[in-house]
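Enquirer: Structure in structure tokens, see below.
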Amino acid sequence: MSKQKSSTASYAQRWEDLRPTIIDAYLGLNNFDKPKTLSQLELFMKETHSFYAVIHQYQTKFREWGISKRTTKKQKNDMTIVLGKRNREGASTSDVLILMGEDNEVTTRVDKKQMTRYLKGCMRREINTFLAPGVFSRWNLPYLAYKNSLRGVPPNHASPFAGSAPTPEYLNVHSPQAPSPEAGPSATTPTALLIHQKSFRDRSVLLMKGSGIELLSSVNERDRSVLSGWLHDYWIHSFVTAKHWGRGPLEWTASQIAEMTLGGINVDGQSTTKI
1 MSKQKSSTAS YAQRWEDLRP TIIDAYLGLN NFDKPKTLSQ LELFMKETHS FYAVIHQYQT
61 KFREWGISKR TTKKQKNDMT IVLGKRNREG ASTSDVLILM GEDNEVTTRV DKKQMTRYLK
121 GCMRREINTF LAPGVFSRWN LPYLAYKNSL RGVPPNHASP FAGSAPTPEY LNVHSPQAPS
181 PEAGPSATTP TALLIHQKSF RDRSVLLMKG SGIELLSSVN ERDRSVLSGW LHDYWIHSFV
241 TAKHWGRGPL EWTASQIAEM TLGGINVDGQ STTKI
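Residue numbering for the sequence shown follows full-length UniProt numbering, beginning at 1 and increasing consecutively.
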């Protein structure tokens with residue numbers, strides 16, 4: 001009986017001892033050029049390590065260890081949100097690492113084919129959203145005033161959007177350095193381009209639904225200022241035009257509108273909104 005227990009313990013210990021090799025071989029990490037199928041993994045471990053296990057045992061262990069080749073829908077959506085906020089030229093899914101395992105000790109890169117299929121599928125689906133009443137009448141405050149009104153705090157305090165949509169712990173996103181002027185901007189990858197297209201589409205839906213806070217939370221701080229400033233300019237233009245209808249100028253210039261708002265634009269069409 002003790003011999004059987006010893007044998008069982010020894011076999012369980014071998015699983016733990018060979019765990020890094022099994023995971024690397026299955027995912028194609030470190031010294032392995034490409035991932036192995038379960039059948040290939042079974043044969044590889046038998047021939048190179050004299051380790052005998054069948055496919056369903058590997059499947060059970062991978063579930064216990066939190067290891068999977070498949071990128072879930074939630075992971076794909078989280079990556080889309082995170083990368084969608086990063087509008088730097090040359091952005092790529094290669095900048096993202098997925099952490100998995102019991103202690104996030106295993107890192108693997110994004111499967112671009114899976115991401116591309118997911119994004120194309122999302123873009124093919126129709127949007128059944130109608131413009132909510134009063135969407136453009138809610139932007140009556142410049143960005144800084146609007147931001148401070150949400151928290152009820154003085155200026156220069158932490159942004160009310162600072163904690164919105166944080167990067168999940170299982171994603172490690174590398175921020176590449178900006179390209180030098182001599183090198184020029186890097187080309188955006190096709191997958192990253194799809195991510196940005198989906199992000200723009202999702203934000204359009206939020207705008208149409210009148211979800212202002214969610215809309216501003218979906219972009220970075222600079223884009224919040226620009227977006228909120230533009231919508232406020234639109235509100236001011238509409239308000240001033242309606243107020244002076246039949247009495248004021250037939251056409252309002254950028255300079256005239258800029259005088260009516262802190263978030264206006266100057267004569268050259270550049271935003272004067274400050275972050």
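Every residue, glycine too, gets a C-beta built ideally from N, C-alpha and C.
Does the Cβ of T253 have 16 or more other Cβ atoms within 10 Å, making it buried, or fewer, making it exposed?
Expert: Taking every protein chain shown into account, the CB of T253 has fewer than 16 other CB atoms within 10 angstroms, so this residue is exposed.
Enquirer: Cβ atoms of V205 and T80: under 8 Å apart, would you say?
Expert: no
Enquirer: Where does L43 sit, in a helix, a strand or coil, going by DSSP?
Expert: helix
Enquirer: Quick one: measure Cβ to Cβ for G229 and A132, integer angstroms, because I've assumed they're closer than 8 Å.
Expert: Contact doesn't hold; Cβ gap of about 21 Å is too wide.
Enquirer: Output the distance between the C-alpha atoms of V226 and V96, rounded to the nearest integer angstrom.
Expert: 27 Å
Enquirer: Cβ of M123 within 8 Å of Cβ of Q197?
Expert: yes
Enquirer: So does the region 44-51 actually touch the region 66-83, counting three or more Cβ pairs closer than 8 Å?
Expert: no
Enquirer: Taking P20 and G28 to be in contact with their CB atoms under 8 Å, please state how far apart those CB atoms are, rounded to whole angstroms.
Expert: 14 Å between Cβ atoms; not a contact.
Enquirer: Tell me, which residues are paired with Y100 by DSSP?
Expert: The displayed chain sequence assigns Met, not Tyr, to residue 100. Answer by DSSP bridge pairing, in chain order: V106.
Enquirer: Could you give the first and the last residue of the continuous alpha helix (DSSP H) run that contains L83?
Expert: 73-84
Enquirer: When DSSP labels each residue in this structure, what does L250 get in the three-state scheme?
Expert: coil
Enquirer: Going by DSSP in three states, L231 sits in which element: helix, strand or coil?
Expert: helix
Enquirer: Can the beta-carbon of A192 be found less than 8 Å from the beta-carbon of T93?
Expert: With respect to T93, A192 sits close: the two C-beta atoms are nearer than 8 Å.
Enquirer: Can you say whether I55 is buried or exposed, counting buried as having 16 or more other CB atoms within 10 angstroms of its CB?
Expert: Classification of I55: exposed, given that the 10 Å Cβ count is below 16.
Enquirer: Return the first residue and the last residue of the alpha helix (DSSP H) that V205 is part of.
Expert: It spans 190-209 - the alpha helix (DSSP H) in which V205 sits, taken as one unbroken run.
Enquirer: State buried or exposed for I23, treating a residue as buried only when at least 16 other CB atoms are found within 10 Å of its CB.
Expert: With 16 or more other Cβ atoms from the protein chains shown falling within 10 Å of its own Cβ, I23 counts as buried.
Enquirer: Report all residues from its chain with a CB closer than 8 Å to the CB of W139; omit the five preceding and five following residues, and keep chain order.
Expert: Y146, G212, S228, L231, H232, Y234, W235
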